[in-house]
Structure formats: C-alpha cells, structure tokens
Amino acid sequence: MSFSLGELAVRFGCELRGSPDRRVEHVATLAHAGPTDISFLANPKYGRDLKATGAGAVVLDAAVLDACPVDALITATPYAIYARIAQLLHPMARFAPGIHPTALVESSADVDPTAHIGAFAVVGSGSKVAARASVGTHCVLGSEVILGEDVQLAPRVTILDRVQIGARSIIHPGAVIGADGFGFAQDPEGWIKVPQIGAVVIGTDVEIGANTTIDRGAIEHTQIGDGVKLDNLIQIAHNVRIGAHTIMAACVGVSGSTQIGERCMFGGGIGIGGHLTICNDVSITGFSMVSHSISKPGIYSGGIPIEPARDWRRIVAWLKLNSRKARDSKESKDD
Amino acid sequence: MSFSLGELAVRFGCELRGSPDRRVEHVATLAHAGPTDISFLANPKYGRDLKATGAGAVVLDAAVLDACPVDALITATPYAIYARIAQLLHPMARFAPGIHPTALVESSADVDPTAHIGAFAVVGSGSKVAARASVGTHCVLGSEVILGEDVQLAPRVTILDRVQIGARSIIHPGAVIGADGFGFAQDPEGWIKVPQIGAVVIGTDVEIGANTTIDRGAIEHTQIGDGVKLDNLIQIAHNVRIGAHTIMAACVGVSGSTQIGERCMFGGGIGIGGHLTICNDVSITGFSMVSHSISKPGIYSGGIPIEPARDWRRIVAWLKLNSRKARDSKESKDD
Amino acid sequence: MSFSLGELAVRFGCELRGSPDRRVEHVATLAHAGPTDISFLANPKYGRDLKATGAGAVVLDAAVLDACPVDALITATPYAIYARIAQLLHPMARFAPGIHPTALVESSADVDPTAHIGAFAVVGSGSKVAARASVGTHCVLGSEVILGEDVQLAPRVTILDRVQIGARSIIHPGAVIGADGFGFAQDPEGWIKVPQIGAVVIGTDVEIGANTTIDRGAIEHTQIGDGVKLDNLIQIAHNVRIGAHTIMAACVGVSGSTQIGERCMFGGGIGIGGHLTICNDVSITGFSMVSHSISKPGIYSGGIPIEPARDWRRIVAWLKLNSRKARDSKESKDD
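In order, the protein sequences belong to chains A, B and C. The C-terminal residue of the first sequence carries number 334 in numbering that gives the first Met the number 0, and the numbering is unbroken. The C-terminal residue of the second sequence carries number 334 in numbering that gives the first Met the number 0, and the numbering is unbroken. The C-terminal residue of the third sequence carries number 334 in numbering that gives the first Met the number 0, and the numbering is unbroken.
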C-alpha cells in the first residue's frame, strides 16, 4: 500500500513542501528512513537526525522546516499526524468473521456473524460479542460478558462474568479483567472472604496492556472511562473509578475505592493509596507514592533519584540523624 | 434466595432491632440499597450514608445504632458479619462434577469423581485433584501436582510440577505457581542456570490473586502458610516462607529466602529484600522499601509522599546539598 | 542417576579431598543433606551448617576446607561448580519430538521434526521452530515468529508476530513477548494510537520470568542481548535495548527507548525512566528510582528504608519543613 504526499496532505490537513506525487509506503525513523519511507520529528532532540535523513518525506512543525533536507508535511501536531499516517500505511490486522472450529461458544451466547472467535477461545453463557469484535486465540470470556463493536481482544485475554467492554477497546495478552477484588474481613478465625459481586465497566476506545489486572467491584462496579489507556502490568483494585482519557504507564498500582479524574497522566511504577480522590488534569511523575488525595490540577513528584551507593548511605544516615536530633532537641525544650 | 432478619440474627449471633420477618435478598451499599437489600457500616466515614439509607436492614455496631433509620443487625464485628451474610446471599458458583470432554487428563492422574475439570484444561501425570476441587477452563497442571479438597482454580491458572495446594484455597486467573526461581551463578562465560528443584507448598484457605507469581524453591520448598491472602501481581521468590494469616496487597515483591511471620499485613507495592526475617504481627504501609530484618511487631513505613513537582525538586536538592555539606564539613575537620 | 566424586572432580576441574569412588545422586542444602547428597558453601553466612553437615560431599572454596567434616570438591567458584553439578544430577525434562494432536500449526509454519509442540499450542503462519526447541502446552505463537535451537517455552507463553528468540533461551509461563508498545499521540479528540510496527529480537541463552512483558518496538526493534536474565513480572517497554549478560530481579520496569549496557545487575522493583542511557557494569540496589542516565560503572542506590511508622512521620515532616524554611529564607534574602 502506498500513498502520495498530496493525498496525505489533503487527508490530514497539512501544508506540503515538495512533490505531491511522491509516494510513501512505510514509516521509519529519521535515521533509517529511505526514499519510500515517511518519518517525523516531534522531539527537537532528534534535530540532528533530521538534517541527515534520507526519508522520502518528514512530518514536522513549521519551526524546523528549514532544517529538513527532503519533502515535508507541515503541521502544528506532527506526532498526531504521524500516528494517523502510520495507521493508514500499517493498518491493524483484521480477522476473518466466524467462529474457529476449536472454540467453545455456549449456545446462549450471542456472537455477531461479523465477529471473530479464535482457536480454543471460550465464550460463556449469555455473553454478547458485537459486530466486528475479535476474540483472540485462547481467550476466556465468562458468562454475561458484553463486548462492544470492534473490540479487539489479543490472544489469551481473560474476561470474567458480567464485565462490559465498550466499542473499539483493545486488550492485550494476559490481561485479567474482573477477577475478585481483594476483600477480607478480620475475624478471630482468620480472614473471611467478602464476596465480590460488582463487575467491571470499561468505556469505549480504552486500551489495556499485557498482564494488567482490573478487579471487579465489591458491591458496585469498577469503572474505566472512555479513552483511558493503561500500559502493561498495572493493577486496578476493586471499586476504582478512572475518568475519561486518563493515561497510565506500566506497573502503576491503584488501591481500592480510589477515584481518579479525567485527562490525568501517570508515569510508570506509581503507587496510589486507597479511598483517595484525584481531580482532573493531574500529572504524576514515575515511581511516586501517592498517599493523600489531590484536589488541584498540576504536576506532582515523589521519590528520590539514585546516587552512587556510598553517597546514598550518607544521605540516608544524615536524614535520619538530623531529624532525630531535631526531635530530641524539641523534646528537651518541651520538658 | 432470601433470608429473614430473624434467621440471620440467630445464625450469626447478632442482636436484632426491627422485624424478624423482614426478608433480604441482596447486599448493597448504604447509598444504593433498597428495601430488600442488606447493607453494613464498618467505616464511620460513611455515617452520613447511614442516615439516608433505604436499605431493608443494616449490619452495624451498637455505637451507631441511633443514627440508623431502618432495621439493624447489631454486632461488635459488622464487617465480618456482613462478609458471612454476603457469602450466604451470593454463594460462589459451584461447577458440576466431571471432566470436560476437551480437557486432557493424563491416565496416571487421580481426579476425584466430585471434582470439576474445565474446558481445555491439562492435568499432568501423577497429579491428584481431591473431592469437590475445581480446575478452571484453560488451567495447566504439571505432573505430581496435589490439589486439596474444595480448591478452586479460576480459568487460566498455571500450576507447575510437584506444587501442593491445601484445601479450600482459591487461585485467580493468570497466577503462575512453581516457575523456576531466579538462580544463576556468575561465571566468566556468563550466568549459569542453577536448577530449581524444590517445589511450592501452599497451605489451606489461601487466596492468590490474578497474575501473581510464586516461584519454586531452589533446593527446598517455597512455603505459603494457612490462611495467607495474596492480592494481584505479587512476586514471591524462591525459598520464601510466609507465615499463617499474613495478608499482602497488590504489587508486593518478596525477594529470595526471606521469611515472613504470621499475621503480618503489607500494603501494596512494597519491596522486600532477600534473606531477611520479618517477625510475626508486622504491618508495613504501602510502597515501602524493606531492606533489613524486623524483629519487633509494630507498624513500619517508608517512602516520601508526592509534592507539587516544583516543591519536590527543592526538597531533593536541599537534601542532597545539606547532606553533602555535612560530609564536607566533617571531612575538613578530620583533616 | 549418580556420579562419583572422582568423575565430578575431573569433569569440573576441582581438587578432591576424600574418596573418588563415593557416589552422589542429588543436591541438598548443608543442613538437610544425607550421605548420597552433594551440597555447597558459597555464602560464609552458612559456615555453621557446614560444620554440622551430613552431606556425602560439599563443593567449597579452599579457605573453608578445614571446617568441612566430609568429602569436598575444592574450587575457587563453588556456586558455579555447584550449578553445573546440579544440572548434571537434575537435568531439565526434555519433551519428546513431535506435534501434539490437539496443537494447531499453520501449514506455512516450519517446525523441525526434533521440536516439540505441546497440547493446545498454536503456531502461526510462517513461524519457524528450530531443532530440539520446545513449545509448551497452551503456548501461542503469532505469525513469522522465529524460535532458535533448543529454545524452551514453558506452558502458556505468548509470543506475538515477528518476534525472534535466540538459541537455548528459556521463557516461563505467562510471559508476553511482542505486545504493542505504549504509544499514543495527544490530540484534541483524545489519545491516538501510534501503530507499533517493530518487533522484539531476543539473543541466545536468555531467560525470561513468569508474567514478564516485553513490548515490540514502535518502529525499530526492542532488543534483548545474549545471556540476559530477567526475573518475573518485569516490564520492558518499546525500543528498549539491553546489553549482553545483564540481569534483573523481579518487578523491574524499564521505560521506553532506554538503553542499558552489558553486565549490569539490577535488584528487584527498580523503576527506570525513558530515553535514558545506562553504561556497562552498573549495579543498582533494589527498589531504586532511576531518572537520569548513568555514564560511570559502579553501584547505585536510592529509596529510604522503612522506620517505625511514628519515626517515619517525623522524618518526612522534618524534611519537608526544613527544606521549605531554607527556601523561604533564601527568598527573603533575594528580596
């Protein structure tokens, strides 16, 4: 598949510098692109690569146009336009409609004839798979699951009873949606399991990474808003609610009953306590510990970056010593 | 299924205020309960919801009874009683005895006739599945695995060779029990794999969350005590021993050969070093780093909560600067 | 299977003290070994166990020989020699060549006749499985996957399209190799998915732990060098490159486009930011936050170990108060 720069400029509303008839077939990095590749510059850090690029064309901002030695598609949002062009040149594989002969679909399940059910997949009783949805190889759907139109489950996704997934959402391998929340009541005999009878309701255009887990609600539903993007190995505990278009990098853990606003951006490895409220438009840098609610939009950080081990031991010792001294001095004054 | 308040009061030893004949069918939150629902108040934070509740009845402590506008089951342990009532009203699904025609059970395996083996499950040679145990869809059991009575494996659990799981334990999707521990010896040629020949021995009444991993011992067994509860995405390394009734929230990592006592409570995201000993009755707040042994019961904390990013940069700079100054001043005195 | 101490001494270049005809059958810990077991002492911490051992023989360094009450294989690298002996006494199970009748192998796939394909495994179109490689029960291979000679996939591994895995590599259950990287462009309409068209290229002699995830590159390939060892629940993001013989304990997260050198050693739970460069021979202690590049080999640390909760609250309060005071004082001087 190839497109001319003229077609791309018109379709995506870019200004074109160069030949409208030049055709591009693939995307590539500035450093490795050839004459039938299209590349992009979104991060000024890669300006040197731009000057030396052999790409057929580059998607870029007008501010760096002068440094571009080849044809260019000019836009104020080069990364977003690049993403759309890449989707055009490298469309996602579509699976053929139909149910693989090895799949097990309960007779009470309702699978649209345009949907795909892969090899060894299991679809439980009363589940619905809407038009053009794809259930990958080895996926397991419990009972009364609802998959919206064009949902794509990669191979080996587990969706448990009564989970709902909105249209166009994509879920990667190993994700587990709707396992029991972690609820136990303390008792002299030990911990008593608290039945987890809520479900998980996931909006439209959500993406969920590999081996991420989202637990069902204890009584009501765990809720993931439209357009939310979750990376790999994330844990979303029971009763959590995440607002639309919030995005989280890998290895984040969100504890039970916490509510997160819309358009938040969380770096990787963040730990978020339970029963907190985080407002809209909060960004948190990676590996931070969030133990209180946040009511003001903005950027937040935590953690202390590494030092050479020897310096680090000194910092820890100094911190513990001086804070202790301050207490002792205060206590002696209080006497 | 419904129960009268009178039946519930007798069965669970509660005092009843209100009508013994009122019947309840479901559990619900105070805020959303209707007249055939039963709710509970365990956290005084939700006291306002109690005053406005439309529940048929509420399980609560005598101290808050006056604020309750509806019938009440009065107990000193409302959350534990709620858990038991919820188990009664919402019993876990029981699978029919028998082996699904698509399952593969080695002829030398011993599967009790009352056990359930789900679709596409694989049960290896010499494995034993005791009475009423349930092996979910797509589970894989290696050879010589032992599942106790009433064990429940959710879909897609992997249990490797020689792992033993005690009665009534529950394991959620994606968990991997008995993969090789991470053992390598350094050598001029690179890392040499150290065979991991121990197994994993799991007690009774254990619950293990989705995508959690528990590695087999290097030589002897990794051991998980009775009544232990592990949330999702937890890593338990080889040779670890965890005492009875200890509970860990999600994303905790326990390094190799560490011993953890009984009745410990760990928040989410904690990292625990290797070859440590943690005594009984230790609680650790979430996202803490544990790099030394703990010999005294109590509550421990670590980590520094987030600040607005600008304040945070100041704190880090100040900490590093002042600890360095202290060292330089000490060093110049030492000269 | 048993070996005489004489055979072992010759094969592994050890000095022998004791009877060359004594035969050993199993490995065991010093504390629990019997007369047909061989044990080892690599960590002087276990010196007391050496004195009391009932082992048939012990692999140890000459420095501790005097304390050994039984026969000994003497070497400067006892743990590496132990590892090799354990491999000999406890060889990994080899699966019989052939394709299980329930497996689905696309006709265009090229499976060597000496390879093993387990029950319910799926091998996609154009994939190649080399000599003696083993694809475990329930594994899923996408299209155009390449598995080198003697690769071993445990049950339930997912390898997506175009991933390449070098000879002798071992991958544990639940690992997901080649899921989409986490790439989205911000747009007024929400996040736009950036197609992830690179693959993952894994070297020879790599080991990858249970439920670890390695994402495919955005445009070029994510690369894992020869001899790399990754523990469980690790996240390797798109475009990351890891140099040969680097080793990472569980729960590490490496963000996108970061390059890590050779022979690095990372403790568990470390978080590493994106677009960083870490040079060869860097060791980082567990649970550290790495937010800048490292250009000098050495040992690095971060994080602040736990304290009793009350002391910890004091430390945090003191740190925040004093750094604020320092700022206020500086600001008033600046006025």
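Where a beta carbon is used, it is the ideal one built from N, C-alpha and C, also for glycine.
{"Item": "How far does the alpha helix (DSSP H) with R47 of chain A in it reach, from first residue to last?", "Value": "46 to 50"}
{"Item": "Where in the stretch 238 to 310 of chain C do unbroken runs of the beta strand (DSSP E), each at least 3 residues long, occur, reported from the N-terminal end onward?", "Value": "281 to 283, 297 to 300"}
{"Item": "Kindly confirm or deny that the stretch 216 to 226 of chain C and the stretch 237 to 254 of chain C touch, where touching means at least three C-beta pairs closer than 8 angstroms.", "Value": "yes"}
{"Item": "Strictly under 7 angstroms for the Cβ-Cβ distance: is W190 of chain A near chain C by that measure?", "Value": "no"}
{"Item": "Taking 7 angstroms as the threshold (beta carbon to beta carbon), is F286 of chain C in contact with chain B?", "Value": "yes"}
{"Item": "Can you pull out the residues from the stretch 213 to 224 of chain B whose beta carbon lies closer than 8 angstroms to at least one beta carbon of chain C?", "Value": "D214, I218, E219"}
{"Item": "For G55 of chain B, go through chain A and note every residue whose CB falls closer than 8 angstroms to its CB, in chain order.", "Value": "Per Cβ cutoff of 8 angstroms: no residues; G55 of chain B is ~15 angstroms from chain A at best."}
{"Item": "Is the CB of D186 of chain B under 7 angstroms away from at least one CB in chain C?", "Value": "yes"}
{"Item": "For T52 of chain B, which option in B:A62, B:D60, B:D36, B:A61 has the closest C-alpha, if you only look at C-alpha atoms?", "Value": "B:D36"}
{"Item": "Return the bridge partner residues of D214 of chain B from the DSSP annotation.", "Value": "B:A178"}
{"Item": "Here's the rule: buried if 16 or more other CB atoms are within 10 angstroms of the residue's CB, otherwise exposed. What is G33 of chain B?", "Value": "exposed"}
{"Item": "Give me, in chain order, the residues of the same chain whose beta-carbon lies closer than 8 angstroms to that of Y299 of chain B; leave out the 5 immediate sequence neighbours on both sides.", "Value": "V281, S282, I283, T284, S287, V289, I293"}
{"Item": "Between A153 of chain C and the rest of its own chain, which residues show a CB-CB distance below 7 angstroms, the 5 nearest in sequence each way excluded?", "Value": "G135, I170, H171, P172"}
{"Item": "Using 8 angstroms as the cut-off, can you tell me whether the stretch 121 to 138 of chain A makes contact with the stretch 196 to 206 of chain A, which would need three or more C-beta pairs spanning the two stretches below that distance?", "Value": "no"}
{"Item": "With distances taken Cα to Cα, identify the nearest neighbour of V69 of chain A among A:R83, A:R161, A:D48.", "Value": "A:D48"}
{"Item": "Determine the DSSP secondary structure at V63 of chain A, reduced to helix, strand or coil.", "Value": "helix"}
{"Item": "Grouping DSSP H, G and I as helix and E and B as strand, with all else coil, what is F183 of chain C?", "Value": "strand"}
{"Item": "Would you list the one or two residues that DSSP bridges to G197 of chain C?", "Value": "BP columns for G197 of chain C are empty, so no partner."}
{"Item": "Straight-line CA distance for F94 of chain C to K319 of chain A?", "Value": "56 angstroms"}
{"Item": "Check L88 of chain A in the structure and name its three-state DSSP category.", "Value": "helix"}
{"Item": "Taking A308 of chain A as the reference, which of C:R309, C:W311, C:G302, C:V144 has the closest Cα?", "Value": "C:G302"}
{"Item": "Out of C:R16, C:N210, C:V315, which one is the CA nearest neighbour of T74 of chain C?", "Value": "C:R16"}
{"Item": "With the cut-off set at 7 angstroms, would you say D230 of chain A and G208 of chain A are in Cβ contact?", "Value": "yes"}
{"Item": "Return the chain-ordered ranges of every alpha helix (DSSP H) run that is complete within the stretch 93 to 147 of chain B and spans a minimum of 4 residues.", "Value": "none"}
{"Item": "Alpha carbon to alpha carbon, how far is D160 of chain B from C250 of chain B? Give it in angstroms, no decimals.", "Value": "25 angstroms"}
{"Item": "Can you tell me which residues form a DSSP beta bridge with L152 of chain A?", "Value": "A:V134, A:I170"}
{"Item": "So is the beta-carbon of R326 of chain B under 6 angstroms away from any non-hydrogen atom of the ligand SAH?", "Value": "The ligand SAH is absent from the structure shown, which contains no ligand whatsoever."}
{"Item": "Which residue comes first and which comes last in the alpha helix (DSSP H) that contains R10 of chain C?", "Value": "4 to 11"}
{"Item": "Quick one: measure Cβ to Cβ for D204 of chain C and R155 of chain C, integer angstroms, because I've assumed they're closer than 8 angstroms.", "Value": "Actually they are not in contact, since the Cβ atoms of D204 of chain C and R155 of chain C sit about 22 angstroms apart, beyond 8 angstroms."}
{"Item": "Taking 7 angstroms as the CB-CB cut-off, is L29 of chain C touching chain B?", "Value": "no"}
{"Item": "To the nearest whole angstrom, what separates the beta carbons of G147 of chain B and A129 of chain B, a pair I think is in contact under 8 angstroms?", "Value": "5 angstroms"}
{"Item": "Shortest alpha-carbon distance to S107 of chain A belongs to which of A:E143, A:D20, A:W190?", "Value": "A:E143"}
{"Item": "Run the CB neighbour count on R10 of chain C, radius 10 Å, all protein chains shown included, and call it buried at 16 or more, exposed below.", "Value": "exposed"}
{"Item": "If contact means a Cβ-Cβ distance below 7 angstroms, which residues of the stretch 243 to 263 of chain A contact chain C?", "Value": "H244, I246, A248, A249, C250"}
{"Item": "Based on the DSSP output, what are the partners of G189 of chain B in its beta bridges?", "Value": "B:D186"}
{"Item": "List the DSSP bridge partners of H25 of chain B.", "Value": "B:D36"}
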